[in-house]
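Let me begin by presenting the structure, written as structure tokens, before commenting on it.
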Amino acid sequence: MSTTQNRSSGELKLLDPEKRPLDEDQVRRVLRKIDYHILPIVVLLYLLAFLDRGNVGNAKILGMVEDAHLTGLRYNILSAVFFVSFLVEDVEIRTLVIFDKIPYSLGEVPSYVPSSSQFAPLSNRLHSNIMLKVVRPSRWLAGAAVAWGTIVTLMCLCNSFNSLLITRLFVGLTESALSPGILFYLSTWYPRRYLAWRVGVYVSATVLAGAFSGLLAYGIERMDKLGGLHGWQWIFGLEGIVTVLVGLISLVFIHDSVQSAKFLTISEKDYLQRAIARDSSEVLTHLDKKFIWLAFKDYRTYLHSLCLLGIMIPLYSLALFLPTLVYELGYRAIDAQLFTVPPYALACVCTLISAYLSDRWNLRGPFVIITALLGIAGFILLLCSSSSTLGYIAMFFATSGVFSADAVFCTWFSTAYSGETKRAVAIAIINGAGNLGGVLASFVYINPENFYTGYSVNIGCLVVTILLTGFMMWEFNRDNRLKEKQCDGKDITVELKAEWKNMGDRSPLFSPDFVFERPLPRPLFPRPPRLPRPPALLRPLVACEELLLLFLLKPSLEDIPDAVHAVSD
Numbered sequence: 000m001s002t003t004q005n006r007s008s009g010e011l012k013l014l015d016p017e018k019r020p021l022d023e024d025q026v027r028r029v030l031r032k033i034d035y036h037i038l039p040i041v042v043l044l045y046l047l048a049f050l051d052r053g054n055v056g057n058a059k060i061l062g063m064v065e066d067a068h069l070t071g072l073r074y075n076i077l078s079a080v081f082f083v084s085f086l087v088e089d090v091e092i093r094t095l096v097i098f099d100k101i102p103y104s105l106g107e108v109p110s111y112v113p114s115s116s117q118f119a120p121l122s123n124r125l126h127s128n129i130m131l132k133v134v135r136p137s138r139w140l141a142g143a144a145v146a147w148g149t150i151v152t153l154m155c156l157c158n159s160f161n162s163l164l165i166t167r168l169f170v171g172l173t174e175s176a177l178s179p180g181i182l183f184y185l186s187t188w189y190p191r192r193y194l195a196w197r198v199g200v201y202v203s204a205t206v207l208a209g210a211f212s213g214l215l216a217y218g219i220e221r222m223d224k225l226g227g228l229h230g231w232q233w234i235f236g237l238e239g240i241v242t243v244l245v246g247l248i249s250l251v252f253i254h255d256s257v258q259s260a261k262f263l264t265i266s267e268k269d270y271l272q273r274a275i276a277r278d279s280s281e282v283l284t285h286l287d288k289k290f291i292w293l294a295f296k297d298y299r300t301y302l303h304s305l306c307l308l309g310i311m312i313p314l315y316s317l318a319l320f321l322p323t324l325v326y327e328l329g330y331r332a333i334d335a336q337l338f339t340v341p342p343y344a345l346a347c348v349c350t351l352i353s354a355y356l357s358d359r360w361n362l363r364g365p366f367v368i369i370t371a372l373l374g375i376a377g378f379i380l381l382l383c384s385s386s387s388t389l390g391y392i393a394m395f396f397a398t399s400g401v402f403s404a405d406a407v408f409c410t411w412f413s414t415a416y417s418g419e420t421k422r423a424v425a426i427a428i429i430n431g432a433g434n435l436g437g438v439l440a441s442f443v444y445i446n447p448e449n450f451y452t453g454y455s456v457n458i459g460c461l462v463v464t465i466l467l468t469g470f471m472m473w474e475f476n477r478d479n480r481l482k483e484k485q486c487d488g489k490d491i492t493v494e495l496k497a498e499w500k501n502m503g504d505r506s507p508l509f510s511p512d513f514v515f516e517r518p519l520p521r522p523l524f525p526r527p528p529r530l531p532r533p534p535a536l537l538r539p540l541v542a543c544e545e546l547l548l549l550f551l552l553k554p555s556l557e558d559i560p561d562a563v564h565a566v567s568d
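With the first letter of the sequence shown counted as 1, position 239 gets the number 238 in numbering that gives the first Met the number 0; the numbers rise by one all the way through.
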């Protein structure tokens with residue numbers, strides 16, 4: 000079978016998986032092309048989404064509590080209502096996507112995925128027909144940004160708890176259109192081997208949003224009373240306008256799919272299709288209801304859900320309350336806005352380093368554990384210190400650890416399930432747990448007197464994450480070894496591959512990168528090329544983290560060929 004193209008429709012058919020792929024230099028060139036064309040606009044949109052999601056934290060210490068009469072638990076409710084509406088809408092959209100067999104927010108089905116028309120009776124609803132079928136990704140994602148940006152802009156006119164609550168509710172509803180699709184969207188462009196670094200860049204937008212929010216709030220506060228609006232109202236107004244403008248611009252820069260990308264050649268498109276097909280272990284690509292129930296019955300789904308919940312509670316508690324935590328250390332409100340920037344800046348660097356090393360060593364679990372330990376160290380210092388200086392230093396550890404753990408973990412669970420149906424259901428469940436973490440995080444810090452309780456809760460969440468991660472590393476490493484034994488001495492025929500298709504991620508040919516990706520018999524592709532060296536400024540930090548990993552993993556290096564190879568280089 001060879002690559003052919005229908006001149007009338009431009010449809011690209013999938014090459015024979017056994018055909019030799021591009022060489023290493025060509026692969027790097029393809030990845031650079033995607034990085035330049037896909038990542039910037041995705042990162043910018045998610046940065047603005049997280050900025051508009053957490054700007055209530057900056058507005059809180061600039062007088063919003065007093066001006067809008069947010070007494071008692073009203074601020075906590077205002078923070079939580081976003082995640083409640085976000086969770087409800089997210090689950091509904093994901094459910095419709097699962098039954099429509101359309102990759103999340105993508106409106107264009109890849110050529111190797113059967114048409115969803117045969118499943119039309121399962122979903123005649125507005126969300127499915129309009130948002131996921133008719134609207135292309137460029138228009139859908141851009142439209143979502145314009146929608147929530149407009150609502151955030153209108154929040155500058157709110158001056159009461161009820162009006163803020165209603166607008167915040169609709170911000171959650173409209174913003175939920177963006178997040179469900181981005182992880183899956185990236186996984187349709189990048190082979191799994193190269194995904195963690197890109198997810199790290201994408202997730203680092205949440206950290207940059209925290210840094211920018213502090214800088215913007217510091218400058219916007221000077222506009223207090225301008226036009227009859229308070230400084231905290233101008234935060235909503237200006238940030239919302241920026242989101243609307245970027246949403247309109249993104250119409251031009253978002254590419255709908257690999258097949259429609261004009262910046263890729265036919266051979267490059269074919270390579271990406273085959274590489275991503277291999278990541279799915281050649282499992283069935285049509286809708287099979289049994290894989291829906293397999294996702295619900297798979298204990299890994301719930302282990303990942305608990306781990307993500309343990310990460311997102313501390314993460315969102317920092318995103319919503321970091322300005323307040325700095326303010327309670329004794330700094331002025333205006334200075335507290337500025338002092339939130341350095342912790343987020345360091346967290347951004349740590350996130351990128353962790354993602355880079357995770358891809359280079361092809362390890363996920365150890366990085367989750369190390370970064371979670373860093374977060375625990377920060378919260379313990381906050382819990383024990385009475386010095387404002389030491390407490391501020393502790394925030395660097397807490398933010399760096401929690402946000403870095405989130406970046407690596409997102410890659411882990413988004414590539415751990417084979418078969419699009421099961422993966423869609425599993426990711427829906429896991430991300431639902433993450434959104435629930437936002438609701439719970441809104442009530443971690445209620446008043447300064449019980450901030451120590453909040454620190455203790457965050458420590459407990461990260462400890463649970465570490466324990467579960469350690470168990471999964473052991474369990475899935477054992478599972479990989481059993482799969483190797485199944486393949487030893489076997490001739491992997493076409494008939495045997497067809498039989499294994501129905502096994503999903505239980506197939507011996509599927510090796511999730513829970514600990515490392517072991518070489519499987521008769522691989523469809525040669526060993527992927529090494530990632531480029533990190534920028535010069537980051538190399539000392541990368542070297543330090545590699546030494547730490549080498550020390551922690553030394554007893555088991557002999558059993559990890561990829562890790563040994565990485566160290567020897």
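We put the beta carbon where it would ideally sit given N, CA and C, even for glycine.
Just how far apart, CA to CA, sit residue i and residue j?
{"i": "VAL569", "j": "ASN158", "result": "Limits of the chain in this structure are 0 at one end and 568 at the other, which puts residue 569 out of reach."}
{"i": "SER385", "j": "LEU321", "result": "17 angstroms"}
{"i": "THR187", "j": "GLY436", "result": "27 angstroms"}
{"i": "ILE219", "j": "GLY227", "result": "14 angstroms"}
{"i": "SER175", "j": "THR152", "result": "17 angstroms"}
{"i": "VAL251", "j": "LYS261", "result": "13 angstroms"}
{"i": "CYS383", "j": "THR205", "result": "28 angstroms"}
{"i": "ILE248", "j": "ILE37", "result": "14 angstroms"}
{"i": "TYR451", "j": "ILE379", "result": "10 angstroms"}
{"i": "THR370", "j": "ARG31", "result": "28 angstroms"}
{"i": "VAL26", "j": "SER266", "result": "11 angstroms"}
{"i": "LYS484", "j": "ALA376", "result": "41 angstroms"}
{"i": "ARG135", "j": "GLY453", "result": "43 angstroms"}
{"i": "SER162", "j": "ARG422", "result": "39 angstroms"}
{"i": "VAL438", "j": "THR398", "result": "19 angstroms"}
{"i": "HIS68", "j": "PHE160", "result": "7 angstroms"}
{"i": "ALA141", "j": "PHE49", "result": "15 angstroms"}
{"i": "LEU381", "j": "ILE392", "result": "9 angstroms"}
{"i": "TRP292", "j": "ARG363", "result": "26 angstroms"}
{"i": "GLY246", "j": "THR149", "result": "10 angstroms"}
{"i": "VAL282", "j": "LEU337", "result": "Any answer about VAL282 is weak, because its pLDDT of 45 lies below 50 and its placement is not dependable; what the coordinates show is given next. VAL282 and LEU337: Cα-Cα distance of roughly 51 angstroms."}
{"i": "GLN272", "j": "PHE402", "result": "31 angstroms"}
{"i": "ALA294", "j": "THR300", "result": "7 angstroms"}
{"i": "ALA146", "j": "ASN57", "result": "22 angstroms"}
{"i": "GLY230", "j": "ILE60", "result": "11 angstroms"}
{"i": "ASP24", "j": "MET472", "result": "33 angstroms"}
{"i": "ALA427", "j": "LEU302", "result": "14 angstroms"}
{"i": "LEU324", "j": "LEU305", "result": "26 angstroms"}
{"i": "CYS409", "j": "ARG480", "result": "24 angstroms"}
In the DSSP assignment, find the alpha helix (DSSP H) that holds residue i and state where it starts and stops.
{"i": "HIS229", "result": "Looking at the DSSP string, HIS229 is not in any alpha helix (DSSP H), and its letter there is neither H nor E."}
{"i": "ALA67", "result": "Counting along the chain, ALA67 falls outside any alpha helix (DSSP H), and DSSP gives it neither H nor E."}
{"i": "LEU140", "result": "136-153"}
{"i": "SER403", "result": "387-413"}
{"i": "GLY62", "result": "Taken as a continuous stretch (DSSP letters only), GLY62 belongs to no alpha helix (DSSP H), as it is neither H nor E."}
{"i": "ILE33", "result": "23-36"}
Judging by CA-CA distance, which residue of the options is the nearest neighbour of residue i?
{"i": "LEU461", "options": "ASN430, ARG480, MET394, LEU372", "result": "LEU372"}
{"i": "GLY239", "options": "ARG299, LEU345, PHE366, ALA144", "result": "ALA144"}
{"i": "SER212", "options": "PRO342, LEU481, ASN457", "result": "PRO342"}
{"i": "CYS155", "options": "ARG192, TRP233, LEU172, LYS296", "result": "TRP233"}
{"i": "ARG197", "options": "ILE429, VAL170, LEU177, PRO39", "result": "PRO39"}
{"i": "ASP255", "options": "TRP411, LEU46, VAL41", "result": "VAL41"}
{"i": "THR173", "options": "ARG192, PHE235, ARG52", "result": "ARG52"}
{"i": "LEU44", "options": "GLY71, ILE165, ARG73, LEU207", "result": "LEU207"}
{"i": "LEU244", "options": "SER84, LEU47, ILE458, ARG480", "result": "LEU47"}
{"i": "ASN446", "options": "TYR193, ALA274, GLY71", "result": "GLY71"}
{"i": "ALA415", "options": "ARG331, LEU237, ARG192", "result": "ARG192"}
Can you list the alpha helix (DSSP H) stretches of 4 or more residues lying completely in the region 160-190, in chain order?
With a minimum length of 4 residues, the continuous alpha helix (DSSP H) runs that stay inside the region 160-190 are 160-174, 178-186.
Considering only residues of the region 298-382, which uninterrupted beta strand (DSSP E) runs meet the minimum length of 3 residues and lie entirely inside it, listed in chain order?
DSSP runs (the beta strand (DSSP E)) wholly in the region 298-382: none.
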